[in-house]
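Q: Protein chains in written order, with this note's numbering: chain R, 9 to 176; chain G, 55 to 164. Structure below; questions to follow.
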Amino acid sequence: MKTETKRVFRLFFVWQDEAEEKWLERQERDGWRLARPGPLYLFERSTPAEARYRLDYRSRMPGGQQEYLDLFRDAGWHWVGRFGGWQYFRSSSPEAPEVFSDVTSRMQKYKQMLALLLAALLVNLITFTPHIRTLDWVRGVQIVVLVTLSYGMLRILLRLRRLRTKGS
Amino acid sequence: MGRQEPLTETTYLILAALGEARHGYGVMQVVKLASFGQIHLGPGTLYGALTKLLEQGWIERAGETETGGERRKMYVLTAKGREVMERESQRLQTLAHMGRFLLAGAGGAK
Chain R
9 MKTETKRVFR LFFVWQDEAE EKWLERQERD GWRLARPGPL YLFERSTPAE
59 ARYRLDYRSR MPGGQQEYLD LFRDAGWHWV GRFGGWQYFR SSSPEAPEVF
109 SDVTSRMQKY KQMLALLLAA LLVNLITFTP HIRTLDWVRG VQIVVLVTLS
159 YGMLRILLRL RRLRTKGS
Chain G
55 MGRQEPLTET TYLILAALGE ARHGYGVMQV VKLASFGQIH LGPGTLYGAL
105 TKLLEQGWIE RAGETETGGE RRKMYVLTAK GREVMERESQ RLQTLAHMGR
155 FLLAGAGGAK
């Protein structure tokens, strides 16, 4: 028998990782288990259950992906897949520890994201200089991207401050 | 020798656990055991710390082990790591002694 599936198209901004985790947990509670992440999410029919979903961000894995995935699996986290640098994990075991057990490492995750946004912002600013002639609509798109990136960086900076002062 | 930055609790415990060669999950287990179940190192936290410690040369790879058909990479403390660990233990001990001494009202001067 073929498993019933559904596809959902949904975009998340980088600073909405916690909202995305909660959304995936609601899907699981409604009987839809994540099979593949991405802007076009694939879900499979499953028994409604309580599970935790967590997103980790890794821009580099010097020891290779296997070493990273082994560590998560041993700790009770099932790897669902990745989308870009985002790694999606699911756990139905209450015994599995949280992915990040201290504030320093949680902050590290957001610092990596901040570095990525900063790089994107710089690329955008360089191409934005008035010396480069371009079409009006391209300029328009660039402005939207610049505003979005700046807003994203602000959100992440605020998250980092919250982590530093309140620890959560 | 210059002062070294205080280590985070996580880093300190990982270094201590790697006094003998272990794989990542082994580190999680032994830290949980030693802390009477109080400290559960998260895989994201542990992965980040191991990567950083390897780059700093405080730990190194120590081959692989096979348990139940699964191969796991092992890590062990280097001489440099042991030195860092010793110095940090000394610092924490001195600090704790100093704290107790002052708290007990010793030292005299008001």
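Where is the CB? At the ideal position from N, CA and C, for every residue including glycine. None of the values given here were measured: they were computed from a predicted structure.
Rounded to whole angstroms, how far is the Cβ of Arg18 of chain R from the Cβ of Pro47 of chain R, which I believe are closer than 8 Å?
A: For the purposes of this step, residue 18 of chain R is taken as the residue at position 10 of the first sequence. For the purposes of this step, residue 47 of chain R is taken as the residue at position 39 of the first sequence. With 8 Å as the limit, Arg18 of chain R and Pro47 of chain R qualify as a contact, their Cβ atoms being about 7 Å apart.
Q: Where do the N-terminal and C-terminal ends of the beta strand (DSSP E) with Trp48 of chain R fall, by residue?
A: Here residue 48 of chain R refers to the residue found at position 40 when the first sequence is read from its first residue. Reading off the sequence, residue 48 of chain R comes out as Leu, not Trp. That run of the beta strand (DSSP E) goes 48 to 53.
Q: Determine the direct distance from the alpha carbon of Gly72 of chain R to that of Arg167 of chain R, and round the result to whole angstroms.
A: Here residue 167 of chain R refers to the residue found at position 159 when the first sequence is read from its first residue. Here residue 72 of chain R refers to the residue found at position 64 when the first sequence is read from its first residue. Roughly 29 Å separates the two Cα atoms.
Q: Can you tell me whether Val138 of chain G is buried or exposed, with buried defined as 16 or more other CB within 10 angstroms of its CB?
A: For this step, residue 138 of chain G is matched to residue 84 along the second sequence. Its Cβ being crowded by 16 or more others within 10 Å, Val138 of chain G is buried.
Q: Rounded to whole angstroms, what's the CA-CA distance from Pro56 of chain R to Leu42 of chain R? Just pull it up for me.
A: By 1-based counting over the first sequence, the position of residue 56 of chain R is 48. By 1-based counting over the first sequence, the position of residue 42 of chain R is 34. Using only the alpha carbons, I get a separation of about 12 Å.
Q: Could you pull the start and end residues of the beta strand (DSSP E) that His86 of chain R belongs to?
A: Within the first sequence, numbered from 1, the residue matching residue 86 of chain R stands at position 78. 86 to 91 is the extent of the beta strand (DSSP E) around His86 of chain R.
Q: Helix or strand or just coil, what does DSSP make of Ala167 of chain G?
A: No information on residue 167 of chain G is available, as it lies outside the stretch 55 to 164 that chain G covers here.
Q: Whose CA, out of G:Ala70, G:Gly96, G:His151, G:Thr64, lies closest to the CA of Glu140 of chain G?
A: Residue numbering aside, residue 140 of chain G sits at position 86 when the second sequence is read from its first letter. Of all alpha-carbon atoms in G:Ala70, G:Gly96, G:His151, G:Thr64, the one lying nearest the alpha-carbon of Glu140 of chain G is that of G:Ala70.
Q: Buried or exposed: Trp23 of chain R, going by 16 or more other Cβ atoms within 10 Å of its Cβ?
A: Against the first sequence, residue 23 of chain R aligns to sequence position 15. Buried.
Q: Helix, strand or coil for Gly143 of chain R? Go by DSSP, reduced to three states.
A: What you label residue 143 of chain R is simply residue 135 of the first sequence in a count that begins at 1. Per the sequence shown, the amino acid found at residue 143 of chain R is Leu instead of Gly. Looking at Leu143 of chain R - three-state DSSP - the assignment turns out to be coil, as it is neither helix nor strand.
Q: Is the separation between the beta-carbon of Tyr76 of chain R and that of Tyr101 of chain G shorter than 9 Å?
A: The residue given as residue 76 of chain R occupies position 68 in the first sequence. The residue given as residue 101 of chain G occupies position 47 in the second sequence. Yes, these two residues count as a Cβ contact at 9 Å.
Q: Leaving out the 5 sequence neighbours to the left and right, which residues in its chain are closer than 8 Å to Arg170 of chain R when beta-carbon positions are compared?
A: Here residue 170 of chain R is taken as the residue at index 162 of the first sequence, counted from 1. Hits under 8 Å: Ser176.
Q: Give the DSSP bridge partners of Leu42 of chain R, in chain order.
A: Against the first sequence, residue 42 of chain R aligns to sequence position 34. Per DSSP, R:Phe51.
Q: Looking at the unbroken beta strand (DSSP E) that takes in Val81 of chain G, where does it start and where does it end?
A: As a first step, residue 81 of chain G is located in the second sequence; it is residue number 27 there, counting from the start. Taken as a continuous stretch (DSSP letters only), Val81 of chain G belongs to no beta strand (DSSP E), being part of the alpha helix (DSSP H) at 78 to 88.
Q: Residues bridged to Leu63 of chain R by DSSP?
A: As a working mapping, residue 63 of chain R is identified with position 55 in the first sequence. Its beta-bridge partners are R:Tyr96.
Q: Please name the residues in the segment 86 to 105 of chain G whose beta-carbon is closer than 9 Å to at least one beta-carbon of chain R, in chain order.
A: Lys86, Ile93, His94, Leu95, Gly96, Pro97, Gly98, Thr99, Leu100, Tyr101, Gly102, Ala103, Leu104, Thr105: these are the residues of the segment 86 to 105 of chain G whose beta carbon lies less than 9 Å from some beta carbon of chain R, given in chain order.
Q: Is Val107 of chain R helix, strand or coil when you go by DSSP?
A: Counted from its first residue, the first sequence places residue 107 of chain R at position 99. Coil, per DSSP.
Q: Under 7 Å Cβ-Cβ, which residues of chain G neighbour Phe108 of chain R?
A: Position 100 of the first sequence holds residue 108 of chain R. The contacting residues are Gly96, Gly98, Thr99.
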